[in-house]
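Numbering (the numbering used here), first residue to last: 61 to 406.
Yeah, the Cβ is synthetic: ideal placement off N, Cα and C, and Gly gets one too.
In this text, all values refer to a predicted model and were calculated from it rather than measured experimentally.
Below: the structure, in structure tokens.
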């Protein structure tokens, strides 16, 4: 029987508005059903509010993968920040702070290039998903985007002056990678015209990006924003992507035989992949410190990989934290942003 932490993580995974599938294990026999659902979904999307329509292209694959699970509302989640200090192979954490404490979806945190602010996804009032920002540790949140379309997964671009997002475009819910100026001056631009439907992304080396692309199965793709092309380098991947600081390497989660999950490594220069380690149960996301330590979270706890073993380094249960999912570490390694479920009602 699953415990409370595992149950809460499962609910977040099932209701995640952005990706729509935990692991892509769909088979060829489902393709005909998917094509029919896609046609219906596009037609229905034209009659729905922007935020709801924007979810169809990610919810329908999940529908197929799970044999028609009922639709669920977006989870109510918050973005927290906590100070951190690395000493040798371990990390000390301060007291976590809930920066976005409200009822609603606040998720997908990512630091700006200077490490002074956190960008994250917000949905409210049945409107489209937008990107918001707050200064660390406790600045007042403010919007970065305000469009009729939905934007997710804000990520600092290599130039330090812009950020990239997954945009769910109107009217057909196409998911592609776009770039926005950080200062709000100027129009957004399309990064990869022909690559879709993109679920998640991370900037790697030079003009290279690593993408989670939805499909049967979901694939890990290496793209170049100069040519606009991409190629598949791994299959059956999960939602966790992370750049390893100081190396031309990106790590990712992958589903392998017997339902086991692994964190794998992609060298973006040689295109070689290999398995690194199995994460703790329920830890679907990971992040790297500037010094090269690998961190995962599950329930109210954080773990660090030390000498091939997972060591618990924090438990934030006393602060009301539960259901830790996404993680992001500042470029200087002094702050961790993470997503957790809203506190239960009193």
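Asked                                                                                                                           : Found
Residue 213 and residue 168 closer than 8 Å at C-beta                                                                           : yes
Proximity winner among 156, 178, 165, 135, relative to residue 388 (alpha-carbon distances)                                     : 178
Beta-carbon proximity list for residue 473, same chain, < 6 Å, skipping 5 on both sides                                         : One cannot answer for residue 473 here, as it falls past the ends of the chain, which runs 61 to 406.
Simplified DSSP assignment, three categories, for residue 402                                                                   : coil
Residue ranges of each beta strand (DSSP E) within the segment 131 to 201, 3 or longer                                          : 137 to 147, 150 to 153, 165 to 171, 177 to 183, 190 to 195
Cut-off 7 Å between Cβ atoms - residues of its own chain near residue 222, not counting five sequence neighbours on either side : 239, 240, 241, 242
Whole-number beta carbon distance between residue 330 and residue 261, since they are thought to touch under 8 Å                : No, residue 261 and residue 330 are not in contact; Cβ-Cβ is about 20 Å, not under 8 Å.
Any 3 or more C-beta pairs closer than 8 Å across the segment 360 to 369 and the segment 333 to 345                             : yes
Per-residue DSSP class, three states only, for residue 318                                                                      : helix
Sub-8 Å separation of residue 205 and residue 190 beta-carbons                                                                  : yes
For residue 258, the nearest candidate out of 186, 272, 369 (CA to CA)                                                          : 272
Residue span of the beta strand (DSSP E) that contains residue 292, given as start and end                                      : 289 to 295
Option in 231, 288, 359, 297 with minimal Cα separation from residue 340                                                        : 359
Inter-residue Cα distance where the pair is residue 289 and residue 270                                                         : 12 Å
CB of residue 352 within 8 Å of CB of residue 343, strictly                                                                     : no
Beta strand (DSSP E) runs contained entirely in the segment 223 to 277, provided each spans 3 or more residues                  : 235 to 241, 258 to 263, 268 to 273
Close Cβ partners of residue 379 (< 7 Å) along its chain, the five nearest in sequence each way excluded                        : 155, 156
Nonlocal neighbours in the same chain, by C-beta distance under 8 Å from residue 150, ignoring five residues either side        : 364, 366, 371, 373
According to DSSP, residues forming a beta bridge with residue 390                                                              : Answer is none; residue 390 lacks a bridge partner.
Test item: CB-CB of residue 294 and residue 312 under 8 Å                                                                       : yes
Which of helix, strand or coil DSSP assigns to residue 378                                                                      : helix
Range of the contiguous beta strand (DSSP E) that encloses residue 364                                                          : 361 to 366
Simplified DSSP assignment, three categories, for residue 343                                                                   : coil
Own chain residues within Cβ distance below 6 Å of residue 153, not counting five before or after                               : 142, 144, 374
Exposure label - residue 193; buried when at least 16 CB within 10 Å                                                            : buried
Local Cβ density within 10 Å of residue 427, reported as buried at 16 or more and exposed below that                            : Absent from the structure is residue 427, since the part of the chain shown begins at 61 and ends at 406.
Outcome for residue 25 when other beta-carbon atoms lying within 10 angstroms are tallied against a minimum of 16               : Outside the shown range of the chain, which is 61 to 406, sits residue 25, and nothing can be said about it.
Helix, strand or coil at residue 332 according to DSSP, with G and I counted as helix                                           : coil
Residues sharing a beta bridge with residue 302, DSSP                                                                           : 311
C-alpha distance - residue 224 paired with residue 237, whole-angstrom precision                                                : 7 Å
Cβ neighbours of residue 386 in the same chain (closer than 8 Å, five flanking residues each side left out)                     : 167, 168, 169, 345, 398, 399
Top-ranked residue by Cα proximity to residue 148, from 395, 349, 381                                                           : 349
Residue from 263, 235, 244, 264 with nearest C-alpha to residue 256                                                             : 235
Member of 369, 233, 309, 280 whose CA lies at the smallest distance from the CA of residue 291                                  : 280
Same chain, Cβ closer than 8 Å to residue 328, neighbours up to 5 away in sequence not counted                                  : 264, 265, 268, 270, 282, 308, 309, 310
DSSP bridge partner residues for residue 324 (one or two, in chain order)                                                       : 312, 335
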